[in-house]
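A.B. asks: With the numbering used here as the guide, the letters of the sequence shown map in order to residues 72 to 564.
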Amino acid sequence: MSTKMFIGNQWVGAASGRVIPCINPADEGEFDNMPAAGREDVDAAVRAARAAFDGGWKKSDPAVRAGLLRAFAGNIRADREGLAALETQDNGKPLAEALFDVDTAAQIFEMYADLAEQFEGWRGTDIKLPVDYLTSTVTYQPLGVVALITPWNFPIEQFTWKVAAAIAAGCACIVKPSEITSLTALALAELAEKSGFPPGVLNVVTGYGREAGEALVEHPGVDKVSFTGSTATGRRIMSLASATLKRVGLELGGKSPVIVFDDVNIDRAVEWVMFGAFVNQGQVCTSTSRLLLHESIAPAFLEKLKKGAEAIVVGDGSAEGVQMGPLSSAEHYAKVTGFIAAGFEEGAKLLTGGRRPAGLDRGYFIEPTVFTDVEPDMSIWRDEIFGPVLSVKTFSDEQEAIALANDSQYGLAATVLSQDTARAERVVDQLDAGITWQNCNQMVVMQAPWGGMKKSGFGRELGRWGMEAFLEVKQKTRWLPDAGLGWYRQPAP
Ligand code: NAD
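1. Compare the C-alpha of Arg136 against each of Ala369, Pro165, Cys242, Glu99 and name the closest.
2. Rounded to whole angstroms, what's the CA-CA distance from Leu461 to Gly100? Just pull it up for me.
3. Residues in the same chain with beta-carbon distance under 6 Å from Leu219, minus the five sequence neighbours each way, listed in chain order, please.
4. Select from Gly386, Arg307, Arg453 the residue whose C-alpha is nearest the C-alpha of Asp432.
5. I need the DSSP call for Met538, collapsed to helix, strand or coil.
6. Give me the Cα-Cα distance between Gly505 and Met524, rounded to the nearest whole angstrom.
7. Which residues in the same chain as Thr196 place their Cβ atom closer than 6 Å to its Cβ, once the five residues preceding and following it in sequence are excluded?
8. Starting from the Cα of Ile437, find the closest Cα among Arg427, Leu542, Val499 and give me that residue.
9. So, at 7 Å on beta carbons, what are the nonlocal neighbours of Ile383 in its own chain, with the 5 sequence-adjacent residues on each side left out?
10. Cα separation between Gly414 and Ala484?
11. Hey, Ser399 and Asn162 are a contact pair by Cβ (cut 8 Å); roughly how many whole angstroms apart?
12. Three or more C-beta pairs under 8 Å: does that hold for the region 110-128 against the region 309-323?
13. Determine the direct distance from the alpha carbon of Gly534 to that of Ala495, and round the result to whole angstroms.
14. Per the contact definition of three or more C-beta pairs closer than 8 Å, is the region 319-330 in contact with the region 297-309?
15. Answer yes or no: do Thr465 and Val441 have a C-beta to C-beta separation smaller than 8 Å?
16. Quick check on Glu168: does DSSP put it in helix, strand or coil?
17. To the nearest angstrom, how far is it from the Cα of Val487 to the Cα of Glu391?
18. Taking one C-beta from the region 221-228 and one from the region 364-380 each time, how about it: are there three or more such pairs within less than 8 Å?
19. Just checking Glu168 against ligand 1 - is the residue's beta carbon closer than 7 Å to any of the ligand's heavy atoms?
20. How far does the alpha helix (DSSP H) with His403 in it reach, from first residue to last?
21. Quick check: what's the CA-CA separation for Asp468 versus Leu502?
22. Indicate the three-state DSSP secondary structure (helix, strand or coil) for Thr221 in the structure shown.
23. By Cβ distance below 7 Å, which residues in the same chain neighbour Val544 in space, the five residues on each side in sequence not counted?
24. With H, G and I counted as helix, E and B as strand and the rest as coil, what does DSSP make of Lys326?
25. Of all the options Tyr481, Glu471, Glu539, Phe457, which has the alpha carbon lying nearest to the alpha carbon of Pro222?
26. The alpha helix (DSSP H) with Ile383 in it runs from where to where?
27. For Met76, does the count of other Cβ atoms within 10 angstroms reach 16, so buried, or fall short, so exposed?
28. Using CA atoms only, rank isn't needed, just tell me which of Ala236, Phe346, Ala260 is closest to Trp508.
29. Report whether the distance from the Cβ of Trp223 to the nearest heavy atom of ligand 1 is below 7 Å.
30. Assign Pro459 to buried or exposed, taking buried as 16 or more other Cβ atoms, counted over all protein chains shown, within 10 Å of its Cβ.
31. Could you have a look at Asn104 and say whether DSSP puts it in helix, strand or coil?
32. Return helix, strand or coil for Gln546, following the three-state DSSP convention.
33. Starting from Trp521, follow its DSSP beta bridges and name the residues at the other end.
34. Using only the alpha-carbon positions, how far apart do Trp521 and Leu186 sit?
35. May I ask you to list the residues that DSSP assigns as paired with Gly320?
36. Put Gly145 into one of helix, strand or coil per three-state DSSP.
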């Protein structure tokens with residue numbers, strides 16, 4: 072098999088003829104390949120997007136865009152099982168989680184259809200001015216041609232978050248999915264074509280970050296790069312984008328804490344902690360990989376956590392009952408096992424896991440892993456591992472927990488578990504994180520802003536913030552015709 076990429080509603084290979092293999096992480100077998108786009112291919116995609124945008128898409132009626140987004144959602148629902156199975160094969164995640172991702176994707180396309188129709192910024196909103204000879208209205212317009220660069224951990228969701236928002240805004244898009252998991256982005260492009268998307272409005276180029284990704288970031292025909300991925304790549308993109316003064320939105324890494332106070336229901340808290348650390352094999356930007364546990368409940372909590380982690384069924388994500396699949400690639404497997412080795416070397420104590428599960432000789436499988444006695448200077452506490460590795464540290468009072476939680480270069484998410492809702496609220500207010508959860512974990516509220524503080528990036532996705540990230544804001548200030556020059560009559564500040 073050889074899957075093509077999607078440029079200007081044409082299915083094409085790379086001009087160079089080069090391809091990238093698609094590997095199933097559960098058995099390490101190559102099951103497909105896709106084009107390795109270079110500068111020439113990226114240029115063709117940018118030209119297609121620019122022609123669509125300037126040729127009328129930028130003036131398209133938001134109701135028309137909403138109609139396309141709803142048709143897209145309908146086609147996603149109709150292909151639910153096929154998309155989920157492909158995601159599991161390409162990425163490794165359990166099928167039930169892939170199905171959840173597909174369902175959420177359809178809902179997000181519908182939410183952005185509603186937002187496109189309801190957005191008051193198309194008509195404009197008047198600013199209240201303290202004078203009667205001047206009016207000023209704020210309006211919005213689509214930003215232009217946007218490059219959407221996504222990671223491999225939630226390929227369908229990441230495509231959706233960016234594409235639905237950009238299309239609702241009236242932009243023309245070029246998606247560059249991760250070279251590790253591009254197939255569902257191409258399957259979604261096929262559904263966009265079926266849904267009636269005009270040529271050039273949505274393009275998907277597949278390729279390596281250093282080649283296709285950088286070509287997009289440097290291309291003068293691209294107005295904005297919306298990037299989700301690692302902090303290191305975000306830094307490089309920001310620096311490359313400065314040459315053309317492109318707008319950038321960066322959703323980057325994290326090392327998010329979960330603080331568990333002594334008044335919790337321990338069984339329930341263990342479930343939330345395990346979900347936060349191990350869902351999607353721990354390959355979640357908001358994964359709560361640092362557990363701050365009140366010292367008085369630590370022995371009882373850790374006993375249950377060990378039992379719970381050891382009961383997780385690890386295996387091929389397409390098999391019935393599997394709760395944790397393989398890591399996404401050989402390279403990532405080496406990275407995660409390297410961190411586990413560092414945990415031992417630095418003197419942390421292994422509570423459970425740390426090895427390849429018995430009976431799984433092929434595939435990038437690793438047991439859910441928990442380290443205790445972790446010190447704040449250890450790499451497993453400070454660095455993003457992006458795998459099923461949880462580091463535990465105890466605390467004795469609220470202020471200590473807050474200080475430990477905030478002692479990180481990242482500020483993406485933070486979770487507080489406590490029956491005392493006033494305390495949970497008070498603690499959350501002091502945590503430096505863009506996304507916070509109280510008495511739950513990893514809930515994605517699609518109507519709310521998603522993004523980080525500190526080195527977790529800037530800009531927000533989802534909700535109206537996601538759409539506004541693809542708009543330019545404009546003021547329309549009018550002098551009333553019969554009011555004369557009156558240059559001295561400036562509005563009071
Ligand atoms: P990555 O940075 O290696 O790659 C992400 C994407 O960027 C891929 O499409 C890749 O091809 C491309 N890329 C790589 N180098 C590039 C370059 N020089 N120029 C342009 N594009 C380039 O990240 P990854 O390993 O795919 O994903 C894991 C990372 O993503 C983690 O750090 C994780 O926290 C982060 N992430 C963040 C969020 C969020 O919402 N904040 C969500 C998911 C993942």
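For each residue, glycine too, the CB sits at the ideal point set by N, CA and C. Predicted model only: the values in this text are computed from it and were never measured.
C.D. replies: This is what the structure gives:
1. Translated into the one-based positions of the sequence shown, residue 136 becomes position 65. Among Ala369, Pro165, Cys242, Glu99, the Cα nearest to that of Arg136 is on Cys242.
2. Translated into positions along the sequence shown, residue 461 becomes position 390. Translated into positions along the sequence shown, residue 100 becomes position 29. So the alpha carbons of these two residues sit roughly 29 Å apart.
3. In the sequence shown, residue 219 corresponds to position 148, counting from 1. Cβ neighbours of Leu219 beyond the five flanking positions: Lys233, Cys244, Val246, Ser297.
4. Here residue 432 refers to the residue found at position 361 when the sequence shown is read from its first residue. The residue with the shortest Cα to Cα distance from Asp432 is Gly386.
5. Reading the sequence shown from its first residue, position 467 is the one you call residue 538. Helix.
6. Here residue 505 corresponds to residue number 434 of the sequence shown, with the count starting at 1. Here residue 524 corresponds to residue number 453 of the sequence shown, with the count starting at 1. If you take the alpha carbons of Gly505 and Met524, they lie about 6 Å apart.
7. Indexing the sequence shown from 1 puts residue 196 at position 125. Once the five neighbours on either side are set aside, the close Cβ partners of Thr196 are Val209.
8. What you label residue 437 is simply residue 366 of the sequence shown in a count that begins at 1. The shortest Cα separation from Ile437 among Arg427, Leu542, Val499 belongs to Arg427.
9. By one-based count along the sequence shown, residue 383 stands at place 312. If we look at Ile383 and ignore the five residues flanking it on each side, its Cβ neighbours are Phe349, Gln394, Met395, Pro439.
10. As a position in the sequence shown, residue 414 is number 343, starting the count at 1. As a position in the sequence shown, residue 484 is number 413, starting the count at 1. About 23 Å.
11. Residue mapping note: residue 399 aligns to position 328 of the sequence shown, counting from 1. Residue mapping note: residue 162 aligns to position 91 of the sequence shown, counting from 1. Going by Cβ atoms, the distance from Ser399 to Asn162 rounds to 6 Å, so yes, they are a contact pair.
12. no
13. If you number the sequence shown from 1, residue 495 lands on position 424. If you number the sequence shown from 1, residue 534 lands on position 463. One C-alpha to the other measures close to 25 Å.
14. yes
15. Against the sequence shown, residue 465 aligns to sequence position 394. Against the sequence shown, residue 441 aligns to sequence position 370. No. Outside cutoff.
16. The sequence position of residue 168 within the sequence shown is 97, counting from 1. Reduced to three states, the DSSP call for Glu168 is helix.
17. For this step, residue 487 is matched to residue 416 along the sequence shown. For this step, residue 391 is matched to residue 320 along the sequence shown. For Val487 and Glu391, the distance between alpha carbons rounds to 33 Å.
18. no
19. Taking the sequence shown and counting its residues from 1, one reaches residue 168 at position 97. No, the beta carbon of Glu168 sits no closer than 7 Å to any heavy atom of ligand 1.
20. Residue 403 sits at position 332 when you count from the first residue of the sequence shown. Looking at the DSSP string, the run of the alpha helix (DSSP H) that includes His403 is 401-416.
21. Locating residue 468 in the sequence shown gives position 397, where the first residue counts as 1. Locating residue 502 in the sequence shown gives position 431, where the first residue counts as 1. Computed Cα separation, rounded: 15 Å.
22. Start at 1 with the first residue of the sequence shown, and residue 221 comes out as number 150. Residue state, collapsed to three classes: coil.
23. The residue you call residue 544 lines up with position 473 of the sequence shown. Taken in chain order, the residues that qualify are Val209, Tyr211.
24. Start at 1 with the first residue of the sequence shown, and residue 326 comes out as number 255. In this structure, Lys326 counts as coil in the three-state DSSP scheme.
25. By 1-based counting over the sequence shown, the position of residue 222 is 151. That would be Phe457, whose Cα lies nearest to the Cα of Pro222.
26. On the sequence shown, position 312 is the one that residue 383 refers to. Segment: none, Ile383 is in no alpha helix (DSSP H) and carries neither H nor E.
27. The residue given as residue 76 occupies position 5 in the sequence shown. Label assigned to Met76: buried.
28. Locating residue 508 in the sequence shown gives position 437, where the first residue counts as 1. The candidate whose alpha carbon is nearest that of Trp508 is Phe346.
29. Walking along the sequence shown from the start, residue 223 turns up at place 152. Trp223: yes, Cβ under 7 Å from ligand 1.
30. Mapped onto the sequence shown, residue 459 falls at position 388. Buried: at least 16 other Cβ atoms inside 10 Å.
31. Within the sequence shown, residue 104 is the residue found at index 33, counting from 1. Three-state result, Asn104: strand.
32. Here residue 546 refers to the residue found at position 475 of the sequence shown. Of the three classes helix, strand and coil, the one that applies to Gln546 here is strand, per DSSP.
33. Counting from 1 along the sequence shown, the entry for residue 521 is found at position 450. The partner list for Trp521 (beta bridge, DSSP) reads Glu532.
34. If you number the sequence shown from 1, residue 521 lands on position 450. If you number the sequence shown from 1, residue 186 lands on position 115. Near 16 Å, if we compare the C-alpha coordinates of Leu186 and Trp521.
35. As a first step, residue 320 is located in the sequence shown; it is residue number 249 there, counting from the start. Paired residues: Ser297.
36. If you number the sequence shown from 1, residue 145 lands on position 74. In this structure, Gly145 counts as helix in the three-state DSSP scheme.
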